[in-house]
Amino acid sequence: MPNSAAAMSKTGMVTKIHTRIRADPFSAHYELVGKELGRGKFAVVKKCIEKATGKQYAAKFQRKRRKGADCRMDILNEIAVLELAKANPYVVALHEVYETSTEIILVLECAAGGEIFDQCVADNDEAFTEKDVMRLARQILSGVAFLHRNNVVHLDLKPQNILLTSARPLGDIRIVDFGLSRRMDSITEVREILGTPEYVAPEILNYEPISTATDMWSIGVLTYVMLTGESPFLGDDKQVTFLNISQVNVDYSPDTFDGISSLAVDFIKSLLVKNPRKRATAEECLSHPWLNPHPHPHPHRHARSASSLDEPETSQSESEPDSPVPSPDLDDLIGSYLTCPGQGELKAGRDAFSFGEPPFPARPEIQQEVIC
Ligand code: ADP
Ligand code: MG
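Counting in UniProt numbering, the sequence shown runs without a single skipped number right up to 372 at its last residue.
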């Protein structure tokens, strides 16, 4: 087995940043308010008010040491990508950065509508309509096309990392969590595995090169989940999930896609393609007939039910975990990757993915685990 992910060099990271890292106390300038906005594997995110302006922000608290390793560079990489993407309205805006002896705090634009995850797993009446998904998909693609034009791959696109400016009425999307993002503008060897089990592309499991197409697979999964409320590859355990992904075992049955247009299905099919070079790019997706409809396909129907148009008031999810989400041990998954811009010309570093790991705890619903 290779070394642990933490011990490996993480090429493709950008660590040169322009934002001033403040050393004075965060609490001198901000007041924490309300409950937590969310948690990830290493971060806790809390709502705060800037004392000088009264403006609301989201403070992302991240420990610099994780599992005994210094991860300051990972956080600088995240800051660098946020700086690079600040011209794009669909990438969350970075306001300020603070550092203490143990933590780095990113002060971010607050996306008050919470994760699209909440509406992906909501009951029919609260679920997205196909028209909603079309609008949100355009915004996600526009943000991701911007990143890809700038040779950045996100590598962790999933409903927990796509937030909304407001839930009711449905606002606009903000892409967050650039902790796994990498630059693709030089031919680079990447020695880690990235992503979240249900959303990872087959090339990740096969130790083949990562490219911008890797994000496009995740957008295919994301769109499937937003429209159907079901996670297309999720199995009873992680091994089954990975087998489903590598076999592209997807249910496109009319039952699952009841009330959803065939153009939407066609859109998803253009992304859930095993060969990364044959997958649609973000720009191609933006030109897909589903997102440029003439005439509109069932625009007012709920994606999961053709009946109701009610959109009752809902609040943000109360279901965040009490502690950071545990993640499986990754040593078996860590491989050597070769990456190159947008393509994937180079040979993989390892033969194949091993299915000999202990399974995930079986959960029938959508999970939030990260394999790195
Ligand atoms: P991690 O890298 O640990 O996954 P994230 O950046 O994804 O951290 O943040 C964890 C969670 O916190 C997100 O899934 C979301 O629920 C919430 N969150 C993150 N950023 C914001 C923000 N700018 N506004 C509101 N909520 C946020
Ligand atoms: Mg996250």
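The beta carbon of each residue, even a glycine, is placed where N, CA and C say it ideally should be.
These numbers come from a predicted model, not from an experiment.
>> Restricting to Cα atoms, I'd like to know which of Ile49, Val92, Asp266 and Tyr224 is closest to lysine 35.
In response: Ile49
> Are the beta-carbon atoms of isoleucine 75 and isoleucine 104 separated by less than 9 angstroms?
Replying inline: yes
> Hey, phenylalanine 117 and proline 159: beta-carbon distance below 9 angstroms or not?
Replying inline: yes
> Roughly how many angstroms separate the alpha carbons of leucine 17 and lysine 269, rounded to a whole number?
Replying inline: Reading the sequence as shown, one finds isoleucine at residue 17 and not leucine. Near 38 angstroms, if we compare the C-alpha coordinates of lysine 269 and isoleucine 17.
> Which partner residues does valine 91 have in the DSSP bridge list?
Replying inline: Ile175
> Measuring CA to CA, which of Glu283, Ser246 and His294 is closest to asparagine 275?
Replying inline: Ser246
> lysine 51 and tyrosine 30 look like a contact to me (Cβ under 8 angstroms); what is the Cβ gap, rounded to whole Å?
Replying inline: 7 angstroms
> Using a threshold of 8 angstroms, is the CB atom of lysine 51 nearer than that to any non-hydrogen atom of the ligand MG?
Replying inline: no
> What is the DSSP secondary structure of alanine 137, counted as helix, strand or coil?
Replying inline: helix
> Is leucine 108 helix, strand or coil by DSSP?
Replying inline: strand
>> In this structure, how does DSSP classify isoleucine 210 when only helix, strand and coil are distinguished?
In response: coil
> Any idea which residues DSSP pairs phenylalanine 61 with across the strands?
Replying inline: Val44 and Ile105
> Using the C-alpha atoms, what's the distance from isoleucine 219 back to phenylalanine 242?
Replying inline: 17 angstroms
> Any idea what DSSP makes of leucine 164, helix, strand or coil?
Replying inline: strand
>> Distance check for alanine 201 and serine 261, CA to CA, integer angstroms please.
In response: 25 angstroms
> What's the call for arginine 149, buried or exposed, on a 16-neighbour Cβ count within 10 Å?
Replying inline: exposed
> So, is the C-beta of alanine 23 closer than 9 angstroms to a C-beta in chain C?
Replying inline: Reference to chain C is not applicable here, since this structure consists of a single protein chain.
> Considering only C-alpha positions, which residue in the set Leu164, Asp172, His95 and Ala213 is nearest to threonine 53?
Replying inline: His95
>> Taking the alpha-carbon of leucine 263 as reference, which of Thr256, Lys238 and Pro289 has the nearest alpha-carbon?
In response: Pro289
> Would DSSP call aspartate 70 helix, strand or coil?
Replying inline: strand
>> Under 6 angstroms, CB to any heavy atom of the ligand MG. Which residues pass, going along the chain?
In response: Gly40, Gln160, Asn161 and Asp177
>> Quick check on the DSSP output: the beta strand (DSSP E) that includes glutamate 31 runs from which residue to which?
In response: 30 to 39
>> Can you tell me whether residue 374 sits near the ligand ADP, meaning its C-beta is under 8 angstroms from at least one heavy atom of the ligand?
In response: One cannot answer for residue 374 here, as it falls past the ends of the chain, which runs 1 to 372.
>> Across the stretch 218 to 238 and the stretch 165 to 183, are there enough close Cβ pairs to call them in contact, namely three or more that are closer than 8 angstroms?
In response: no
>> So, with DSSP's three-state summary, where would you put isoleucine 219?
In response: helix
> Given arginine 174, which residues of its chain have a CB within under 6 angstroms of its CB, disregarding the five upstream and five downstream residues?
Replying inline: Val92, Ala111 and Leu163
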